[in-house]
Amino acid sequence: MKIGIIGSGDVGLRLGSGCLDLGHHVMIGTRNSEKKEVQEWLQNSKHRERAFIGTFAESSAFGEIIILSTLWSGTENAINLALPSNFKDKIVIDTTNPLDFSNQGSPKLAVGFDTSAGEIIQSILDNSLVVKAFNIIGNQHMVKPSFQCNPPTMFICGNSEEAKKIVAEKIITPLGWESIDIGKMDKSRLLEPLAMIWIEYYFKTGKGDHAFKLLKK
Ligand SMILES: NC(=O)c1ccc[n+]([C@@H]2O[C@H](COP(=O)([O-])OP(=O)(O)OC[C@H]3O[C@@H](n4cnc5c(N)ncnc54)[C@H](OP(=O)(O)O)[C@@H]3O)[C@@H](O)[C@H]2O)c1
């Protein structure tokens, strides 16, 4: 499939490489295609014939599935630059966490309890099928995670059953995860605080080598 990625931070580039490894065509969307990390991603790609760089709008137009991997505070601007009409009727994977970095130390959630980043993005992109995924793991382990008790769990949520099924089948499971659907997009109110547990443990230990696993009898 064609995957358009909005945002060229660690998450966008990591999932971009992972999707290329799965055989997808990938365009990284960025506001600055000359950025060193983006150019290195392209040069070092094992699958250059399927790897592309574009603007946010080019990437959203390119993608049959769009991955939104933007800093929370820049997310609405990024969607506007990417042109909301390019997202119409498409699956959008929301990886964001609504982090507020205004205090020293570990970040806080900027929204919660009565809404979530996932719901805000779904309401902005009201013609798209948004699936929350990949927000509960550090980018280093998003692709082919290797832990005790593999595979770790990727909890997902979203309003479209079909979109969640496609994202699980085409991306999450082949990347090495057990995908568990926990419900509609309002369950993002649970997944974003869950990411905070991952983040707090990261700040406590200084290591990002942990993941979640739902244990079953
Ligand atoms: N880092 C992780 O391990 C991790 C893990 C799970 C979830 N997340 C979440 O996933 C998202 C992406 O994480 P990241 O670490 O890759 O983020 P990041 O490096 O902080 O930002 C990603 C991209 O957001 C875009 N961006 C930033 N400010 C913007 C603005 N004002 N307008 C438009 N675009 C803007 C930039 O795109 P360009 O530079 O390409 O223009 C930037 O490269 C975040 O919401 C984060 O909380 C991160």
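In the numbering used here, the protein residues as written are 28 to 244. The beta carbon of each residue, even a glycine, is placed where N, CA and C say it ideally should be. Treat the numbers as computed from the prediction; the structure is a model and nothing was measured.
- Pairing residue 194 with residue 109, the inter-Cα distance amounts to about 21 angstroms.
- Residue 196 counts as exposed, since fewer than 16 other beta carbons sit within 10 angstroms of its beta carbon.
- C-alpha of residue 225 to C-alpha of residue 218: approximately 11 angstroms in a straight line.
- Taking 8 angstroms as the cut-off, the C-beta of residue 37 counts as close to a heavy atom of ligand 1.
- Distance from the CA of residue 115 to the CA of residue 29, rounded to the nearest whole angstrom, comes to 15 angstroms.
- A distance criterion of 8 angstroms places the beta-carbon of residue 75 beyond contact range of ligand 1, judged by its closest non-hydrogen atom.
- Residue 41 and residue 97 have their C-alpha atoms roughly 13 angstroms apart.
- Counting along the chain, residue 205 sits inside the beta strand (DSSP E) bounded by residues 205 to 208.
- In the three-state DSSP reduction, residue 223 falls in the helix class (H, G or I).
- When Cβ pairs closer than 8 angstroms are counted between the two stretches, the region 83 to 95 is seen not to touch the region 124 to 131, the count staying below three.
- Distance between residue 222 and residue 32, taken at the CA atoms: about 21 angstroms.
- When the five nearest sequence neighbours on each side are left out, the beta carbons in the same chain lying within less than 7 angstroms of the beta carbon of residue 190 are those of 118, 156, 158, in order along the chain.
- Of the residues 187, 215, 132, 237, the one whose Cα lies closest to the Cα of residue 139 is 215.
- The beta carbon of residue 57 is closer than 6 angstroms to those of 35, 65 in its chain, skipping five residues each way along the sequence.
- Under DSSP, residue 138 takes part in no beta bridge, so it has no partner.
- Distances from the CA of residue 67 to each of 37, 180, 93 were compared; the closest alpha carbon is that of 37.
- Rounded to the nearest angstrom, the gap between the Cα atoms of residue 112 and residue 160 is 22 angstroms.
- Taking a C-beta distance under 9 angstroms as the contact criterion, residue 105 and residue 83 qualify as a contact pair.
- Under the 10 Å beta carbon count, residue 100 is surrounded by fewer than 16 other beta carbons and is classified as exposed.
- Between residue 73 and the set 51, 149, 241, the nearest pair of CA atoms involves 51.
- Distances between the C-beta of residue 154 and the heavy atoms of ligand 1 are all 8 angstroms or more.
- Residue 68 has its Cβ no nearer than 8 angstroms to any heavy atom of ligand 1.
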